[in-house]
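Chemist: Can you read through this structure? Questions will come right after.
In this note's numbering, the protein residues as written are 26 to 972.
This is the structure:
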């Protein structure tokens with residue numbers, strides 16, 4: 026072999042080794058091989074729509090009402106909305122000192138950039154977070170107050186009777202004052218200083234607001250209240266509360282039980298129901314899209330069954346679960362406590378709201394100071410504040426705020442082998458919806474080793490998602506199950522009478538054990554017709570109990586059954602602050618991994634570093650589940666099915682420097698072997714061949730010279746794309762080809778219109794200011810066709826209601842308020858309008874079995890072939906199009922271009938319902954709407970490139 030051949034062979038061998046990924050260490054095989062870190066610099070841009078500020082004082086509220094301009098409600102309330110929707114961003118580089126600093130305390134400097142983002146400099150950690158707490162309280166005082174009250178279970182003290190049930194549920198599933206103190210004492214000194222500093226800063230702003238009406242939110246005037254002082258427990262409780270909604274999953278197994286029961290009613294037998302259920306709620310598809318491909322590594326989150334197969338386990342557990350009574354589904358601990366006295370008695374009382382003296386004095390000064398030009402509007406505001414409907418809507422909006430705290434989000438990183446300069450790039454987009462103000466807030470910190478910028482939920486002292494000069498990271502909701510229902514055998518009333526056992530005892534490992542019980546008193550304000558008035562002078566007391574598994578959320582003493590919830594993060598949620606704190610000051614990929622190992626929340630973490638690495642981790646606390654349980658269903662609480670210790674950090678899904686040169690997660694299945702959890706819900710869906718992340722992955726694979734400036738292009742691509750097109754169009758193409766001789770001209774033309782479409786859900790016009798902007802015929806016909814195929818196979822399931830207390834998400838269900846249906850649950854995609862649903866993946870498994878590694882267990886086709894089904898669905902589509910776009914006249918080839926739907930709109934409504942822009946309860950105002958884009962609520966682009 027000559028020298029040239031040896032050289033070429035050695036080069037190829039080294040290249041192949043360099044492309045290999047690692048899932049077991051800090052130094053990935055392909056990492057660090059790009060441009061030296063010393064030659065790279067941070068580039069960063071961000072966008073936080075509609076704006077940084079959520080402060081609407083009485084003067085700003087009056088001016089905004091008078092002009093109808095969202096920007097007039099206050100500075101930086103609406104100055105990032107159009108920028109964001111045009112796929113533009115604001116500069117986000119670190120270490121700047123724009124303008125003149127505010128100095129709330131000696132040594133602390135708070136600068137604001139041109140978009141109002143606070144940039145805090147301080148000499149030590151405690152002062153740093155004093156500055157952040159002060160600045161964020163200025164921007165989000167009312168939201169901070171609402172979140173801490175939801176976390177503490179004191180919401181009813183602010184909102185009245187409507188908040189009582191939620192407060193009882195919170196008290197049931199969270200911690201006592203003593204437990205919070207123990208959690209705080211277990212933190213590092215740095216973390217303690219951060220929490221205490223944040224509290225001190227927030228209180229300093231609160232004190233100032235009580236004497237300066239220009240920084241007191243107008244919501245307090247409507248609620249005749251003022252903000253209480255913040256405490257350390259408030260911050261910890263807010264962190265726990267947020268964890269329950271955006272970093273946890275589970276506890277909703279009864280929806281699966283009800284679904285099984287409805288499938289039995291539809292298909293005629295328990296056996297048929299179980300087959301259909303497993304088709305719709307599977308544990309793992311070998312061909313599903315996963316963040317870590319099966320060829321790279323596999324990870325397991327459940328032990329193998331002690332005997333038999335998972336199929337056997339499921340059948341056994343399903344038979345047992347389907348016989349459980351509904352009385353252990355919903356209870357005091359799930360937010361379904363009965364309305365206390367005197368709330369029920371006052372439910373029909375009407376009358377004006379009186380302002381107590383303190384609140385009246387607080388709001389009178391700014392009203393008198395309002396300029397003449399807005400005096401009339403300010404007076405109208407005062408009058409509106411006393412109107413029943415407005416206050417009712419404010420209370421309702423605050424209670425509904427709990428529903429906003431759901432998880433979503435995408436994050437992706439591009440490695441040095443895929444970039445022009447040999448650096449790394451990162452995009453993160455947490456998805457928490459849109460509102461005035463957003464549920465996230467942005468800031469930048471500088472003190473000692475802490476230099477970072479990013480976003481967080483108001484009330485949490487840490488840059489949760491963001492970047493510094495050396496690493497950039499993103500978080501997405503993990504979807505893995507961390508909350509489990511156990512059905513306890515408790516001492517029934519009959520057994521108590523017989524002396525077999527005592528009240529509040531449960532049977533565990535062969536003996537009767539005492540529950541740990543305490544009393545919790547929830548204070549609330551009187552609510553006349555839903556309107557809170559006067560101080561919280563009323564209260565209700567509830568007994569809160571726990572078993573070895575966790576808090577009891579529902580019980581039926583007559584039957585001797587109860588349901589408890591086991592939280593994998595029990596009393597360890599706040600430890601995540603320690604890991605995020607490490608990232609805020611990280612200098613290297615090694616520092617990042619050290620921080621990731623401390624995270625207890627269930628998140629997907631994606632990172633890009635200046636020293637040349639990209640990686641994905643799925644950290645958190647995950648128990649070793651009994652192999653004889655099924656994640657989709659509750660487990661018996663008698664002891665035989667108890668879980669073991671937690672998995673170690675090394676056992677959790679992770680990949681460093683993957684050979685593809687990029688990594689992306691959009692709440693995607695983490696890895697193979699890692700079962701998909703509870704199944705169907707806001708934060709859980711079983712993985713299939715189609716999922717929104719493919720719009721990112723396919724785009725990233727097209728180039729190897731990506732630059733920081735190109736990140737906007739990627740963001741725009743997945744933001745306007747119909748994620749269903751990738752998997753559906755090949756099936757439609759095959760159908761078109763196989764039936765060319767028998768299809769009518771209009772049928773062929775409709776198919777051709779879809780097959781020549783570029784897959785974008787938005788366009789061809791892109792006018793963000795036009796609420797009537799329309800999408801093209803290709804997108805419109807395709808969307809109608811997908812709906813028709815679903816109905817062709819699963820239409821009867823629209824009548825099977827699972828939960829009458831939850832509206833159905835199916836946009837085509839005229840009776841959505843009747844409750845959540847099997848159809849709506851399986852076809853639901855949450856806020857991702859054009860995502861491929863679980864039902865879509867099942868449909869593709871039926872029409873094109875090769876798309877899945879699972880076989881369909883029962884026939885949904887009525888014995889029809891693929892082509893018969895698609896032809897019938899096509900006819901159904903043309904009928905729907907003729908009705909909507911052609912005056913009910915049968916569509917012809919010439920009529921198809923009329924099929925142009927109005928593009929869906931995202932609503933930006935007032936978070937409180939009545940204060941600030943986007944309130945639809947005050948005459949002359951309404952929610953602001955913008956064209957739907959599947960993007961982060963806050964977007965950050967970060968990269969390490971040559972200057």
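For every residue, glycine included, the Cβ atom is placed at its ideal position computed from N, Cα and C.
As the structure is a prediction and not an experimental result, all values here were calculated from the model.
1. Pop quiz: residue 157 and residue 145 are said to be a contact at Cβ under 8 Å. What is the actual Cβ separation, rounded to whole angstroms?
2. For residue 339, collect the residues of the same chain with a Cβ closer than 6 Å to its Cβ; drop the 5 residues on either side in sequence, then sort them by chain order.
3. Considering residue 852, what are the terminal residues of the alpha helix (DSSP H) in which it resides?
4. Looking at the secondary structure, which residues open and close the beta strand (DSSP E) in which residue 802 lies?
5. Kindly indicate which residue of 306, 573 and 443 has the alpha-carbon position closest to the one of residue 733.
6. My output table needs one value for residue 387: the three-state DSSP class, helix, strand or coil.
7. Three or more C-beta pairs under 8 Å: does that hold for the stretch 811 to 829 against the stretch 657 to 676?
8. I'd like to know if residue 746 contacts chain C, where contact means its C-beta is closer than 7 Å to some C-beta of that chain.
9. What whole-angstrom Cβ distance do residue 661 and residue 79 have, given they're in contact under 8 Å?
10. In whole angstroms, what is the alpha-carbon distance linking residue 252 and residue 275?
11. Less than 7 Å between the C-beta atoms of residue 629 and residue 503, yes or no?
12. Helix, strand or coil, according to DSSP, for residue 106 in the structure here?
13. Under a three-way DSSP split, which group does residue 287 fall into?
14. Report, in whole angstroms, the separation of the C-beta atoms of residue 8 and residue 250, which I expect to be a contact under 8 Å.
15. Using only CA atoms, which one of 150, 147 and 160 lies nearest to residue 137?
16. Can you tell me whether residue 966 is buried or exposed, with buried defined as 16 or more other CB within 10 angstroms of its CB?
17. Note down, in chain order, each residue of its chain lying with its Cβ closer than 6 Å to the Cβ of residue 405, except the 5 sequence neighbours on either side.
18. What residues are listed by DSSP as bridge partners for residue 472?
19. Which of helix, strand or coil does DSSP assign to residue 361?
20. With DSSP collapsed to three states, give me the class of residue 377.
21. Which residue comes first and which comes last in the beta strand (DSSP E) that contains residue 70?
22. Check the DSSP bridge columns for residue 260 and list the partner residues they point to.
23. Is the beta carbon of residue 827 closer than 7 Å to that of residue 20?
24. Secondary structure at residue 969, three-state DSSP: helix, strand or coil?
25. Starting from residue 345, trace the alpha helix (DSSP H) in both directions and tell me its first and last residue.
26. Ignore the nearest five residues each way along the sequence and tell me which others in residue 438's own chain have a CB closer than 6 Å to its CB.
27. Hey, residue 627 and residue 272: beta-carbon distance below 7 Å or not?
28. With hydrogens ignored, establish whether the beta-carbon of residue 668 is closer than 6 Å to any heavy atom of the ligand MN.
29. Tell me whether the beta-carbon of residue 75 lies closer than 7 Å to the beta-carbon of residue 106.
30. Three or more beta-carbon pairs under 8 Å between the stretch 867 to 876 and the stretch 774 to 787, yes or no?
31. If I measure Cβ to Cβ from residue 110 and keep anything under 8 Å in the same chain, skipping five residues before and after, which residues do I get?
32. At which residues does the alpha helix (DSSP H) containing residue 236 begin and terminate?
33. If I measure Cβ to Cβ from residue 835 and keep anything under 8 Å in the same chain, skipping five residues before and after, which residues do I get?
34. On the DSSP letters alone, give me the boundaries of the beta strand (DSSP E) that residue 538 sits inside.
35. For residue 487, which residues of its own chain have a beta-carbon under 8 Å away from its beta-carbon, when the five flanking residues on both sides are left out?
36. Express the C-alpha separation of residue 204 and residue 229 in angstroms, rounding to a whole number.
Modeler: On the basis of the supplied data:
1. 5 Å
2. 655
3. 847 to 852
4. Looking at the DSSP string, residue 802 is not in any beta strand (DSSP E); the run it does join, the alpha helix (DSSP H), is 802 to 819.
5. 443
6. Unreliable positioning characterises residue 387 in this predicted model, as indicated by a pLDDT of 29, which lies under 50. The coordinate reading is nonetheless provided below. In this structure, residue 387 counts as helix in the three-state DSSP scheme.
7. no
8. Looking for chain C here will not work: only one protein chain is present.
9. Contact doesn't hold; Cβ gap of about 47 Å is too wide.
10. 33 Å
11. yes
12. helix
13. helix
14. Outside the shown range of the chain (26 to 972) lies residue 8, about which nothing can therefore be said.
15. 160
16. buried
17. Only weak support is given to the placement of residue 405: the predicted model assigns it a pLDDT of 42, under 50, and the value that follows is read from those uncertain coordinates. Answer for residue 405: no residue qualifies.
18. 475
19. coil
20. Only weak support is given to the placement of residue 377: the predicted model assigns it a pLDDT of 26, under 50, and the value that follows is read from those uncertain coordinates. Residue 377 falls in the coil class under three-state DSSP.
21. 66 to 72
22. In DSSP, residue 260 forms no bridge with anything.
23. The structure shown has nothing for residue 20, since the chain only spans 26 to 972.
24. strand
25. 335 to 346
26. 451, 631, 633, 639 and 688
27. yes
28. For the ligand MN, the structure offers nothing, since it holds no ligand at all.
29. yes
30. no
31. 74, 793, 955, 956 and 958
32. 214 to 236
33. 823, 841, 846, 848, 849, 852 and 853
34. 536 to 539
35. 219, 481, 602, 605, 606 and 609
36. 26 Å
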